[in-house]
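**Student:** As given, the protein sequences belong to chains A and B, one line each in that order. Residue numbers in the first sequence follow this note's numbering, run continuously in steps of one, and reach 1314 at the last position. Residue numbers in the second sequence follow this note's numbering, run continuously in steps of one, and reach 1314 at the last position. Just so you know, even glycine gets a beta-carbon here, dropped at the ideal spot from N, CA and C. Following this message is one structure expressed as structure tokens.
There are 2 protein chains.
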Amino acid sequence: MKEFINRVQQDGKVDTTYSKVRECLRRDILSNYFAPGTRLKIAELIKLYNVSQMPIREALQQLQGEGLIIIEPHKGAYVRELDEKFVSNIYDIRRIIEVFLTLESLKKVTDRDIKKLFQTQKNYEKASVKRDVESMLKCNSQFHTTLYQLADNDEALHIIEKHSQLINSLRLSYGFEGNRVEEVIVEHREILEAISLRDEKLLEKAATSHCLNAKANLLAAMKN
Amino acid sequence: MKEFINRVQQDGKVDTTYSKVRECLRRDILSNYFAPGTRLKIAELIKLYNVSQMPIREALQQLQGEGLIIIEPHKGAYVRELDEKFVSNIYDIRRIIEVFLTLESLKKVTDRDIKKLFQTQKNYEKASVKRDVESMLKCNSQFHTTLYQLADNDEALHIIEKHSQLINSLRLSYGFEGNRVEEVIVEHREILEAISLRDEKLLEKAATSHCLNAKANLLAAMKN
DNA sequence: ACAAAACAAATCATATACAATATATAATTT
DNA sequence: AAATTATATATTGTATATGATTTGTTTTGT
């Protein structure tokens, strides 16, 4: 299992033990190896990941900050319920923040930015033809991040990104329902068009329904 | 300084050392004892709070989760900048979430809830006459919490409450500008009226301007 | 049957040693 | 002189061992 830990974050910046443990735990929780409700006992995790107490405790604190686990003083940590209510709540928050960020970004977007968005969209469509889910998620993130960074609100971006990790992991587990992949292409094009036209009302509509559709699709996928 | 730690959270549920350290650090940061940008060295904190490494590291992780400090691997933790940009960003997020929660709560609110809101509002007005700032902040929190809990979105509520701690601490430092206290009374009454009338459009307007005014007032207070 | 005491399990905390990393400064090379 | 390379030091990060505290359960006494 130590090998597994060392394989984590190969592409990445961080290298501390607690960050590796955090990534492992996140993966193991979202892959349902640690099902919701499971107690995460420190002694167990020490054996499982072959590390000492401290990095585990720090990783647990970080995951609590992300809302993935709950720590009760003197009782311990357990995996939080990732039920439909939770997903629904998260998507509702995302929607209002994403619509806000999208509209804010419209105030600052340049033609050059729009060009970049079109390019990212092209890459997404290429990946979708190949059904390369991981690449699609990446392009999708890039599309939205490019847009949202223009809004110049790091705190909002941070919330979105924190939730994105969760959502993406759930997507990898549950996949997409119906022909969501094609729908996303259409919806992104609608957003791009509204931005190109600098039409605020149209953009709000497009961004809102994009978020609502994403929510409905994941919830449907979770039901099956 | 150990005495100081033990005095913290006297009224409270938690009792772990790391939670005390967390509260101390939060207080010391928001009181500007640790100014923005200050490096928080573990060795220093060990001496200062007279505790060992582990509770300090856990407290730091928690505060990073709250966004109050930033931890860079192998470099250390430092106090984040609580400048006007940050406050502005936070208030923008709060506004859209609070408006959302307010409108959601309207769907579920009962006459009994409305009665309770009126009572809380009365208490706020009493406290405002006495200029009891701490009590006012408490009533204000209760007013909004009562309302938001109806919206049935724990995750959104969590974000609001996390930010409220920050905002309240800043309020205690900077106080209120002008006759904000009286303005809040009027704005709350407007919100209450819109709820009583179950007028969604009116409520959205009232909630929005309440948030915008709160933001403008704190920013003004920070400038002086 | 029920309260009190004993026990077990887990978290929480301390102390210490050591490893890994960052940073600043000095020495060396080009 | 500039760039690279060594060196020294401070700090973070990790491991290990041990004890304290809390919580939950079981046993015991009446």
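Output, in sequence order along the chain, the residues in the region 1207-1221 of chain B whose CB is closer than 8 Å to any CB in chain A.
**Tutor:** Per Cβ criterion, the list is empty.
**Student:** Hey, does A1296 of chain B have any beta-carbon neighbour from chain A nearer than 7 Å?
**Tutor:** Closer than 7 Å: no.
**Student:** Please determine if the region 1184-1197 of chain A and the region 1236-1248 of chain A are in contact, where contact requires at least 3 C-beta pairs separated by less than 8 Å.
**Tutor:** yes
**Student:** Is the beta carbon of E1148 of chain A less than 7 Å from the beta carbon of Q1151 of chain B?
**Tutor:** yes
**Student:** Please check if any C-beta of chain B sits within less than 7 Å of the C-beta of T1106 of chain A.
**Tutor:** yes
**Student:** Taking Cβ positions only, does A1284 of chain B come closer than 7 Å to chain A?
**Tutor:** no
**Student:** Based on the DSSP secondary-structure assignment, which residues constitute the bridge partners of L1247 of chain A?
**Tutor:** Answer by DSSP bridge pairing: none, since L1247 of chain A is not bridged.
**Student:** Answer yes or no: does any C-beta atom of chain B fall closer than 7 Å to that of Q1255 of chain A?
**Tutor:** no
**Student:** Which of helix, strand or coil does DSSP assign to G1166 of chain A?
**Tutor:** strand
**Student:** Rounding to the nearest angstrom, what Cα-Cα distance links F1190 of chain B and G1155 of chain A in this structure?
**Tutor:** 23 Å
**Student:** Identify every residue that forms a DSSP beta bridge with R1129 of chain A.
**Tutor:** A:Y1168
**Student:** Going along chain A, which residues have a C-beta under 7 Å from N1179 of chain B?
**Tutor:** Neighbours of N1179 of chain B on chain A, chain order: N1243, D1244, E1245 and A1246.
**Student:** What does the alpha-carbon distance come out to for the pair A1284 of chain B and R1185 of chain B?
**Tutor:** 17 Å
**Student:** Between the region 1145-1164 of chain A and chain B, which residues of the former have CB atoms less than 8 Å from a CB of the latter, in chain order?
**Tutor:** R1147, E1148, Q1151, Q1152, Q1154, G1155, E1156, G1157, P1163 and H1164
**Student:** Round the Cβ separation of A1217 of chain B and Y1264 of chain B to the nearest angstrom and send it over; I've been treating them as touching at under 8 Å.
**Tutor:** Between Y1264 of chain B and A1217 of chain B the Cβ distance is about 19 Å, and since that is not below 8 Å, they are no contact.
**Student:** Name the DSSP beta bridge partners of I1183 of chain A, please?
**Tutor:** The partner list for I1183 of chain A (beta bridge, DSSP) is empty, contrary to what the question assumes.
**Student:** Measuring only from the beta carbon, is K1212 of chain B closer than 6 Å to any heavy atom that is part of the ligand ZN?
**Tutor:** The ligand ZN is absent from the structure shown, which contains no ligand whatsoever.
**Student:** At the 7 Å Cβ level, is I1132 of chain B part of the contact set with chain A, yes or no?
**Tutor:** no
**Student:** Using beta carbons (cut-off 7 Å, strictly below), is I1183 of chain B in contact with chain A?
**Tutor:** Output row for I1183 of chain B: interface = yes.
**Student:** Cα separation between P1145 of chain B and S1121 of chain A?
**Tutor:** 30 Å
**Student:** Is it true that the CB of P1163 of chain A sits closer than 7 Å to the CB of T1236 of chain B?
**Tutor:** no
**Student:** Which chain A residues sit within Cβ distance under 9 Å of S1109 of chain B?
**Tutor:** Ordered by position in chain A, the residues that pass the 9 Å Cβ test against S1109 of chain B are P1163.
**Student:** Is the distance from the Cβ of H1278 of chain A to the Cβ of Q1211 of chain A below 7 Å?
**Tutor:** Closer than 7 Å, so yes.
**Student:** Round the Cβ separation of E1174 of chain A and G1157 of chain B to the nearest angstrom and send it over; I've been treating them as touching at under 8 Å.
**Tutor:** The pair is not a contact, with the Cβ atoms about 28 Å apart (cut-off 8 Å).
**Student:** Is there at least one Cβ from chain B nearer than 7 Å to I1186 of chain A's Cβ?
**Tutor:** Answer yes: the Cβ-Cβ gap between I1186 of chain A and chain B drops below 7 Å somewhere.
**Student:** Between the C-alpha atoms of P1126 of chain B and I1159 of chain B, what's the straight-line distance to the nearest angstrom?
**Tutor:** 9 Å
**Student:** Along chain A, which residues have their Cβ under 8 Å away from the Cβ of I1250 of chain B?
**Tutor:** Those within 8 Å of I1250 of chain B in chain A number zero; the least Cβ separation is about 10 Å.
**Student:** In terms of residues, what are the limits of the alpha helix (DSSP H) holding R1279 of chain A?
**Tutor:** R1270 to L1287
**Student:** Expressed to the nearest angstrom, what Euclidean distance is found between the alpha-carbon atoms of E1273 of chain A and L1302 of chain A?
**Tutor:** 12 Å
**Student:** Determine the burial state of A1167 of chain B: buried for a count of at least 16 other Cβ atoms within 10 Å of its Cβ, exposed for fewer.
**Tutor:** buried
**Student:** Using 7 Å as the limit for Cβ to Cβ distance, is F1266 of chain A near chain B?
**Tutor:** no
**Student:** Just the C-alpha distance for I1180 of chain B and L1308 of chain B, rounded to the nearest angstrom, thanks.
**Tutor:** Taking the straight line joining both Cα atoms gives about 12 Å.
**Student:** Mind listing which residues of the region 1113-1137 of chain A have their C-beta closer than 7 Å to chain B's C-betas, in chain order?
**Tutor:** none
**Student:** What is the rounded straight-line gap between the Cα of S1299 of chain B and the Cα of V1271 of chain B?
**Tutor:** 15 Å
**Student:** Which residues does DSSP pair with I1159 of chain A in a beta bridge?
**Tutor:** A:V1169
**Student:** Confirm, please, whether the CB-CB distance from L1282 of chain B to L1207 of chain B is below 7 Å.
**Tutor:** Yes. Within cutoff.
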